[in-house]
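Some notes on the structure that comes next.
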Amino acid sequence: MNAHSSPNIVMLCGGVGGAKMAEGFAHSRFADNLSLIGNVADDQDFHGLWVSPDIDTLTYTLTDNIDRNKGWGLVDESNRVLDQLKALGADTWMYLGDRDFATHILRTQLRHQGMRPTEIARRIAESFGLDVPIILPTDDVIQNQVKTENGWVAFQDFFVKWGCQPDVLECRVVGIDQAEATPEALHAIAQADMIVIAPSNPIVSINPILSVPGIREALELSSAFKVAVSPLVAGQTVKGPADKMMLAAGYRADVQGVADFYSGVVDALVIDQQDRAYLSAVEQRIEHVLVTDTLMFNRANKVRLAESIVHAYQSCTARQTPELQQAG
Numbered sequence: 003m004n005a006h007s008s009p010n011i012v013m014l015c016g017g018v019g020g021a022k023m024a025e026g027f028a029h030s031r032f033a034d035n036l037s038l039i040g041n042v043a044d045d046q047d048f049h050g051l052w053v054s055p056d057i058d059t060l061t062y063t064l065t066d067n068i069d070r071n072k073g074w075g076l077v078d079e080s081n082r083v084l085d086q087l088k089a090l091g092a093d094t095w096m097y098l099g100d101r102d103f104a105t106h107i108l109r110t111q112l113r114h115q116g117m118r119p120t121e122i123a124r125r126i127a128e129s130f131g132l133d134v135p136i137i138l139p140t141d142d143v144i145q146n147q148v149k150t151e152n153g154w155v156a157f158q159d160f161f162v163k164w165g166c167q168p169d170v171l172e173c174r175v176v177g178i179d180q181a182e183a184t185p186e187a188l189h190a191i192a193q194a195d196m197i198v199i200a201p202s203n204p205i206v207s208i209n210p211i212l213s214v215p216g217i218r219e220a221l222e223l224s225s226a227f228k229v230a231v232s233p234l235v236a237g238q239t240v241k242g243p244a245d246k247m248m249l250a251a252g253y254r255a256d257v258q259g260v261a262d263f264y265s266g267v268v269d270a271l272v273i274d275q276q277d278r279a280y281l282s283a284v285e286q287r288i289e290h291v292l293v294t295d296t297l298m299f300n301r302a303n304k305v306r307l308a309e310s311i312v313h314a315y316q317s318c319t320a321r322q323t324p325e326l327q328q329a330g
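If you count the sequence shown from 1, you need to add 2 to reach our numbering.
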């Protein structure tokens, strides 16, 4: 492959962090053959409507409809429906804007009509004008749950309603053993030249994808170059409770823990310049360790990181030194 060709890239991703990384690839020189496999384990019923937060965040971000200040939801939203629900006595801790409600109404209607969730996600994405395929890992219902001192709750309750405040004792994905991988996900993995795992929460965004029966096996069979981007920088999560989740799952809450989680899954791990001191320790766990700036504050940052990862892939496949240097 020459330096200007575009590899077939499949990205495994969650919501906000995954959407940032996906946006970088979508606006890069390597956007032509990009597909996304998104997390559905955060899906939940609210007000009788099926809400798919991570899939919607990907759709809204890649079509420039996202509320950039929040990182989720639609831009220029109003909340008259939610206000009226609250006035009627409904529990409204999960913010859903008026335009966002339309997405959930349509999704729920199509589910009731028997349409596959994969097809529903495709239809909604196309309605927003998105030409990057968003693939579901499974059409079955799976759900992240978090155990605190108050017992087991759905992830959205912990994340939104409780603001990630309780200590996390354990995490699980309900329904995962009975789930089946979608043929679209298995096909995408089989056809990939490069599989990127976004800097999403390893425990509640990536693990549910990897744990769908058939997905991990497909990754193992794939000859694609596999690279993950650490969501932890200098021992802290960029956004969300990844550090708490990592500790609860028995991993260190730093790049060494991320390396342990992805050991045996990926060929390379991208870590931030701030974690360069851990380079030797991470190299003992992952074959290639790539060091660069991983923080994505704007589109230029996102594109630079995406293109750096592809260049590293090209270097590795050409048997060159894969370490990334900071862009000047």
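Built from N, CA and C at the ideal position, the CB exists for glycine as well. Nothing here was measured: the structure is a model prediction, and the numbers come from that model.
For the beta strand (DSSP E) holding residue i, just list the boundary residues, first then last.
i: residue 138; result: Element bounds for residue 138: n/a, residue is neither H nor E.
Who are residue i's beta bridge partners in DSSP?
i: residue 228; result: 197
i: residue 298; result: Paired residue(s): none; residue 298 is not in a bridge.
i: residue 149; result: 154, 172
i: residue 106; result: According to DSSP, which records beta bridges pairwise, residue 106 is partnered with nothing at all.
i: residue 331; result: Because residue 331 is not part of the residues shown, which for the chain are 3 to 330, the question remains open.
i: residue 267; result: In DSSP, residue 267 forms no bridge with anything.
i: residue 15; result: 40
i: residue 114; result: Looking at the DSSP assignment, residue 114 forms no beta bridge with any residue, so it has no partner.
i: residue 238; result: 235
i: residue 205; result: In the DSSP output, where bridge partners are listed per residue, residue 205 has none listed.
i: residue 190; result: The partner list for residue 190 (beta bridge, DSSP) is empty, contrary to what the question assumes.
i: residue 98; result: Answer is none; residue 98 lacks a bridge partner.
i: residue 68; result: 76
i: residue 291; result: 271
i: residue 183; result: 140
Within the continuous alpha helix (DSSP H) that includes residue i, where are the two ends?
i: residue 316; result: 301–319
i: residue 270; result: From DSSP, residue 270 is part of no alpha helix (DSSP H) but of the beta strand (DSSP E) over 270–274.
i: residue 18; result: 18–28
i: residue 217; result: 217–223
i: residue 248; result: 244–250
i: residue 83; result: 82–89
i: residue 281; result: 281–285
i: residue 129; result: 119–129
i: residue 211; result: 209–212
Check the C-beta distance from residue i over to residue j and give it rounded, since I have them as a contact under 8 Å.
i: residue 234; j: residue 256; result: 6 Å
i: residue 310; j: residue 294; result: 5 Å
i: residue 337; j: residue 102; result: An answer regarding residue 337 cannot be provided, because it is not within the stretch 3 to 330 covered by the chain.
i: residue 26; j: residue 305; result: 5 Å
i: residue 177; j: residue 144; result: 4 Å
i: residue 20; j: residue 308; result: Between residue 308 and residue 20 the Cβ distance is about 12 Å, and since that is not below 8 Å, they are no contact.
i: residue 210; j: residue 175; result: 5 Å
i: residue 80; j: residue 100; result: 5 Å
Measure the Cβ-Cβ separation of residue i and residue j and say whether it is below 9 Å.
i: residue 119; j: residue 190; result: no
i: residue 51; j: residue 98; result: yes
i: residue 194; j: residue 217; result: no
i: residue 260; j: residue 248; result: yes
i: residue 284; j: residue 258; result: yes
i: residue 66; j: residue 54; result: no
i: residue 146; j: residue 43; result: yes
i: residue 196; j: residue 236; result: no
i: residue 138; j: residue 17; result: no
i: residue 77; j: residue 69; result: yes
i: residue 14; j: residue 212; result: yes
i: residue 108; j: residue 49; result: no
i: residue 312; j: residue 11; result: yes
i: residue 250; j: residue 173; result: yes
i: residue 142; j: residue 192; result: no
i: residue 150; j: residue 171; result: yes
Please report whether the beta-carbon of residue i lies at a distance below 9 Å from any beta-carbon of chain D.
i: residue 21; result: Of the protein chains in the structure, only one exists, and it is not chain D.
Within the chosen definition, does the segment 222–231 reach the segment 270–280 through at least 3 CB pairs nearer than 8 Å?
yes
Taking contact to mean at least 3 C-beta pairs separated by less than 8 Å, is the segment 150–161 in contact with the segment 59–69?
no
Taking one C-beta from the segment 217–226 and one from the segment 237–255 each time, how about it: are there three or more such pairs within less than 8 Å?
no
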